[in-house]
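Visitor: Below: one structure in structure tokens.
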Ligand SMILES: [Zn+2]
């Protein structure tokens, strides 16, 4: 098989997934309690340990990454246009079903075998641990920023929620030269937004006066919140023809009255991760601008505690599991 094998670090996502039981949302990184399948930990940077016949893009020793998916049909319209993340047969890195019918086990495995076309090169200047969440959270916010022209100097970007996805959106927005405003329900996030991540402004979404003062000022909004929330007050922050991109996944439907987008010709889109090309472009941009995720590295023996903390949203801002270190292997 034309596939390099890699070993290294794994990221734990904090966002919610559909692999939930009895109506309670469970972080995607937790074991699926209903199926008993491998826990999901999608993003994996590491080092190529071996290559199969026909591999031309990578060689042993290369630093590479595997993102949220490891294969797709390679023939549908999405695949042929370079949007393989939206292929109907996309094969997720963990708990997916590959084209041979086997369940993928990218989760806590120490070695991943994957086709070279679904592998990205991690620039040497990026540390593996801080790069791990870039392969999922990073590309999830980077791809729509570039796709919708929200990567232009001087434009005003609103980032709703300052978590794993949100802090990456702030970093990319600032690197693009944008004015970045963090919007949060938590006034306590102000110092982190302004000082730790150098956002230009901070809005408390529960403060009607602050929200009113910012109406009609934003070119785009990245909404990263996975808890239920009202989006009409957020849409009011957009300029006419402004673009909102939803990357969080609340379990309850978002309420979108037509008037909120008809007046002003506003647009709402969704996004999940990005294509392989998006992921490579994001990594190259991150290396150029010294962007990594803020992380807490843990060993395999800390996973259960990390899962408990994820359920309480107690992480700044992503857990990364040192799989290779935990198994005593060279990363
Ligand atoms: Zn396809």
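Numbering (our numbering), first residue to last: 1003 to 1333.
Ideal Cβ positions, reconstructed from N, Cα and C, are used throughout, including at glycine.
Are the beta-carbon atoms belonging to residue 1237 and residue 1268 less than 7 Å from one another?
Guide: Taking the chain shown and counting its residues from 1, the one referred to as residue 1237 is at position 235. Taking the chain shown and counting its residues from 1, the one referred to as residue 1268 is at position 266. Closer than 7 Å, so yes.
Visitor: What runs of the alpha helix (DSSP H), each 4 residues or longer, lie entirely inside the region 1049-1099?
Guide: Whole alpha helix (DSSP H) segments, 4+ residues: 1079-1082.
Visitor: Apart from the five residues just before and just after residue 1292, which ones in its own chain have a Cβ nearer than 6 Å to its Cβ?
Guide: If you number the chain shown from 1, residue 1292 lands on position 290. Taken in chain order, the list of residues that qualify is empty.
Visitor: Would you say the beta carbon of residue 1089 is closer than 6 Å to some non-hydrogen atom of ligand 1?
Guide: Numbered from its first residue, the chain shown carries residue 1089 at position 87. True, at least one ligand heavy atom lies under 6 Å from that Cβ.
Visitor: Give the range of the beta strand (DSSP E) segment to which residue 1205 is assigned.
Guide: Within the chain shown, residue 1205 is the residue found at index 203, counting from 1. Where residue 1205 is concerned, the enclosing beta strand (DSSP E) stretches over 1203-1206.
Visitor: When DSSP labels each residue in this structure, what does residue 1278 get in the three-state scheme?
Guide: Translated into the one-based positions of the chain shown, residue 1278 becomes position 276. Of the three classes helix, strand and coil, the one that applies to residue 1278 here is helix, per DSSP.
Visitor: I'd like to know whether the C-beta atoms of residue 1320 and residue 1295 end up nearer to each other than 7 Å.
Guide: Residue 1320 sits at position 318 when you count from the first residue of the chain shown. Residue 1295 sits at position 293 when you count from the first residue of the chain shown. Their beta carbons are under 7 Å apart, which means residue 1320 touches residue 1295 by this criterion.
Visitor: If we ignore side chains and look at the alpha-carbon of each, how far apart do residue 1328 and residue 1244 end up?
Guide: Start at 1 with the first residue of the chain shown, and residue 1328 comes out as number 326. Start at 1 with the first residue of the chain shown, and residue 1244 comes out as number 242. Rounded to the nearest angstrom, the two C-alpha atoms are 46 Å apart.
Visitor: Thinking just about the alpha-carbon of each residue, which of 1159, 1266, 1177 is nearest to the one in residue 1247?
Guide: Translated into positions along the chain shown, residue 1247 becomes position 245. Among 1159, 1266, 1177, the Cα nearest to that of residue 1247 belongs to 1159.
Visitor: Could you check the C-alpha separation between residue 1220 and residue 1180 for me, to the nearest Å?
Guide: Numbered from 1 along the chain shown, position 218 holds the residue referred to as residue 1220. Numbered from 1 along the chain shown, position 178 holds the residue referred to as residue 1180. Distance between the alpha carbons of residue 1220 and residue 1180: 11 Å.
Visitor: Report the three-state DSSP secondary structure of residue 1180 (helix, strand or coil).
Guide: As a working mapping, residue 1180 is identified with position 178 in the chain shown. It is coil, neither helix nor strand.
Visitor: Is it the case that the Cβ atoms of residue 1208 and residue 1226 are separated by a distance below 7 Å?
Guide: Counted from its first residue, the chain shown places residue 1208 at position 206. Counted from its first residue, the chain shown places residue 1226 at position 224. Contact: no.
Visitor: Give a yes or no on whether the C-beta atoms belonging to residue 1182 and residue 1190 are separated by under 7 Å.
Guide: For the purposes of this step, residue 1182 is identified with residue 180 of the chain shown, where counting begins at 1. For the purposes of this step, residue 1190 is identified with residue 188 of the chain shown, where counting begins at 1. Contact: no.
Visitor: Quick one: is residue 1144 buried, meaning 16 or more other Cβ sit within 10 Å of its Cβ, or exposed?
Guide: What you label residue 1144 is simply residue 142 of the chain shown in a count that begins at 1. The residue is buried, with at least 16 neighbouring Cβ atoms inside 10 Å.
Visitor: So what does residue 1160 bridge to, in DSSP terms?
Guide: As a position in the chain shown, residue 1160 is number 158, starting the count at 1. Answer is 1183, 1223.
Visitor: At the level of alpha carbons, what is the spacing between residue 1058 and residue 1117?
Guide: Position 56 of the chain shown, counting from 1, holds the residue named residue 1058. Position 115 of the chain shown, counting from 1, holds the residue named residue 1117. Roughly 11 Å separates the two Cα atoms.
Visitor: Looking only at its chain, what residues have a beta carbon closer than 8 Å to the beta carbon of residue 1156, apart from the 5 residues adjacent to it on each side?
Guide: For the purposes of this step, residue 1156 is taken as the residue at position 154 of the chain shown. Correct list, in chain order: 1179, 1180, 1181.
Visitor: Leaving out five residues before and five after residue 1218 in sequence, what residues of the same chain have Cβ atoms less than 6 Å from its Cβ?
Guide: Numbered from 1 along the chain shown, position 216 holds the residue referred to as residue 1218. The answer, listed in chain order, is 1241.
Visitor: Excluding the 5 residues flanking residue 1100 on each side, which residues of the same chain have their C-beta closer than 7 Å to its C-beta?
Guide: Here residue 1100 refers to the residue found at position 98 of the chain shown. Same-chain partners within the cutoff: 1073, 1093, 1106.
Visitor: Which of the three DSSP states, helix, strand or coil, is assigned to residue 1228?
Guide: Along the chain shown, one-based indexing puts residue 1228 at 226. Note: residue 1228 maps to coil in three-state DSSP.
Visitor: Mind checking whether the beta-carbon of residue 1281 lies closer than 6 Å to any heavy atom of ligand 1?
Guide: Taking the chain shown and counting its residues from 1, the one referred to as residue 1281 is at position 279. Because no heavy atom of ligand 1 lies under 6 Å away, the Cβ of residue 1281 does not count as near it: no.
Visitor: Using DSSP's beta-bridge definition, name the partner residues of residue 1246.
Guide: As a first step, residue 1246 is located in the chain shown; it is residue number 244 there, counting from the start. DSSP output for residue 1246 lists 1223, 1270 as bridge partner(s).
Visitor: Quick one: is the Cβ of residue 1138 within less than 6 Å of any heavy atom of ligand 1?
Guide: On the chain shown, residue 1138 is found 136 positions in, with the first residue counted as 1. No, Cβ of residue 1138 sits at least 6 Å from all heavy atoms of ligand 1.
Visitor: I'd like to know if residue 1170 contacts chain C, where contact means its C-beta is closer than 7 Å to some C-beta of that chain.
Guide: Checking the listed chains, one finds no chain C in this structure; it contains a single protein chain.
Visitor: Which same chain residues end up closer than 6 Å to residue 1079 when comparing Cβ atoms and leaving out the 5 residues on each side of it in sequence?
Guide: Within the chain shown, numbered from 1, the residue matching residue 1079 stands at position 77. Cβ neighbours of residue 1079 beyond the five flanking positions: none.
Visitor: Which partner residues of residue 1107 appear in the DSSP bridge assignment?
Guide: Locating residue 1107 in the chain shown gives position 105, where the first residue counts as 1. Paired residue(s): 1096.
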